Structures are given as structure tokens and as C-alpha cells.
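Here's the structure, in C-alpha cells; my notes come after.
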Amino acid sequence: MKTKGILTFVFCLCLSFVFGQNSLPGSGNVGIGTASPSVLLDVTQALNANGQVMTKLSNTGSANANALFLNGGTANANFAMGSNGTVKGILGYDGSRDFFGLLNFAYSPNDFSLRLNADGSLTYHDVKLAGSPIKFKVDNTGKLQSTEIEVKTTIADYVFAEGYDLLSLEETEAFIKENKHLPNVQSQQNVDDNDGFIKIGALSVSVLEKVEELTLHLIELNKKVKQLEAENKKLAVQLNK
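Quick note, my numbering runs 7 ahead of the 1-based positions in the sequence shown.
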């Protein structure tokens, strides 16, 4: 009787190990959704995590080792992303053209718009046009090319406001002699302090400010010229009497 109880306990313990965990063979391939897996792990259907973390891939070896490697061969290797079971975009590597790209199906369902190229440049392509022309490019030296750049800033129309303190040309000349640059314009020291970069927005406003100030000076100069012309005409009439 005692022996029968021990055997029952051992049998139950074995069942707990068998049904309490999944055991995998030491060799061969594992398939989920397929009876004939062709690789080490072959998953033939979508994985649903019910809103939770589906899996965690980690690398505990070399700092430069890959936790996940997608090998597309001669084709693309893509990460597809979306919501509610619908793919909305792709992060992928284009094997034939040798670049990493981003694709948003809402705009460019057939080709990558944003591309990190093999030469280190970053380009944005208008894939809706024939030939996918480049609309924006930053090369590996920091040179930026674009069809247009918009900078959010104010404008220099305050120059034309009543009470604006317009420097006389004599005051401007004295400032230039002392400071070696125009008033309210970035100096070479300002650029050097900014790691050699020019602040495009501020520079655009200050240059327009100088243009508007020069316009005011020209208007005043034109008035003086006309006044001199009128006085010369009067003198000429008097001399001819």
C-alpha cells in the first residue's frame, strides 16, 4: 500500500513536469503554425500580444553584437509598423539601392521617401514625381540643399514705425570704425562663439533692417537733392535776368 502511494506521487510529479512547461528537442527546427519548419524557428502566422510586450530581444555579449538581424538577401529587409492589424509604414533596408529608408503608406505606398544613403547623406525624395527627385539633402560634410527653407521669425518693419531710432550715417560710420561690423548684425566673434554657425533667422532680420534703414536714408537724400535742384533753378533764373 505504501509502495502504491509512492508510485502515484512519482507519476503525478512527472505529469507536472510534462504539462507544466514546454520542452524542446536538443536539435532540429521548431515550427509554430507549421509541421515542417524550414529554419531554427519558423512562425507562419501573426503573433498577438494583446497589447502587452510581445517579446524582448537582448544582447548580453559584445557591445556591437546584434540582438536581432533581419537578412533580406538581395531584396529588402523591412520592419512593418501599423495599428489595428493594418500596416501604416516601413523602416527598412533597400538591398538593391543600398540605403536605409522610411516609408509612410499614407504618402508614399510604393517607395521610400526619407533615405540614409551609403555615402552618409540624408535625402528626402518626392516619390510622387517621376524619377523621385531629391527635395532635401544633407551630405556627410554638413552641407544642406533644399528647394526652400522657411525660418520662423519676426520681420524688420519696426524700422518704419514712428519713433524708430535711426542712426545717422555719421553715427553708423563711427560704429563701424570702432566695432568693425554693422550695428545689430552678427559679428565674426558672434559666429565663432556659436561654433562657426550663422543664425539664419537673426541674420535675415538684421540684413533686412539695414536695407530698410538705407531706404530711409535714400528717401531723405532724395528730398535734399530735389531741394537743391529747386534752389539751383531759382539761382539760374536770377542769374539770367
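Think of the CB as a built atom: it goes at the ideal place given N, C-alpha and C, for glycine as much as any other residue.
All values derive from a computational prediction rather than experimental measurement.
Query	Result
Under the rule that 16 or more other beta-carbon atoms within 10 Å means buried, what is K9, buried or exposed?	Per-residue confidence for K9 stands at a pLDDT of 47, beneath the threshold of 50, marking its modelled position as unreliable; the derived number appears in the next sentence. Per the 10 Å Cβ criterion, exposed.
My output table needs one value for V94: the three-state DSSP class, helix, strand or coil.	strand
Could you give the distance in angstroms between the alpha-carbon of Q152 and the alpha-carbon of L110?	21 Å
Y100: buried (16+ other C-beta within 10 angstroms of its C-beta) or exposed?	buried
Quick check: what's the CA-CA separation for E216 versus E236?	30 Å
Quick one: measure Cβ to Cβ for L123 and F112, integer angstroms, because I've assumed they're closer than 8 Å.	Actually they do not touch by this definition, with Cβ atoms about 20 Å apart.
Do F167 and E227 come within 8 Å of each other at the CB atom, strictly closer than that value?	no
With a threshold of 16 other CB atoms inside 10 Å of the CB of G108, please say whether the residue is buried or exposed.	buried
Given a cut-off of 8 Å on the beta-carbon distance, is the pair V158 and S90 in contact?	no
Just to confirm my understanding: we take D146, look at its own chain, exclude 5 residues before and 5 after, and list those with CB closer than 6 Å. What are they?	S128
Does the distance from the C-beta atom of S213 to that of Q193 stay below 8 Å?	yes
Could you check what DSSP says for L136 in three-state terms: helix, strand or coil?	coil
Check for me: the beta strand (DSSP E) holding Q245 runs from which residue to which?	Segment 207–247 is the alpha helix (DSSP H) holding Q245; no beta strand (DSSP E) there.
Taking only the alpha-carbon atoms, compute the straight-line gap between V46 and G138 and give it to the nearest angstrom.	39 Å
Excluding the five sequence neighbours on either side, which residues of its own chain have a C-beta within less than 8 Å of the C-beta of L22, listed in chain order?	Note that L22 scores a pLDDT of 46, beneath 50, so its modelled location is shaky; the value from the coordinates is reported in the next line. So no residue of the chain qualifies.
Locate the beta strand (DSSP E) running through V198, then write down its first and last residues.	First-last for V198: 195–200, but that is the alpha helix (DSSP H), not the beta strand (DSSP E).
When we look at the beta-carbon of S43 and count the other beta-carbons within 10 Å, is it buried (16 or more) or exposed?	exposed
So, at 6 Å on beta carbons, what are the nonlocal neighbours of I97 in its own chain, with the 5 sequence-adjacent residues on each side left out?	N85, A87, L110
Can you tell me which of G203, V50, P116 puts its alpha carbon nearest to the alpha carbon of V94?	P116
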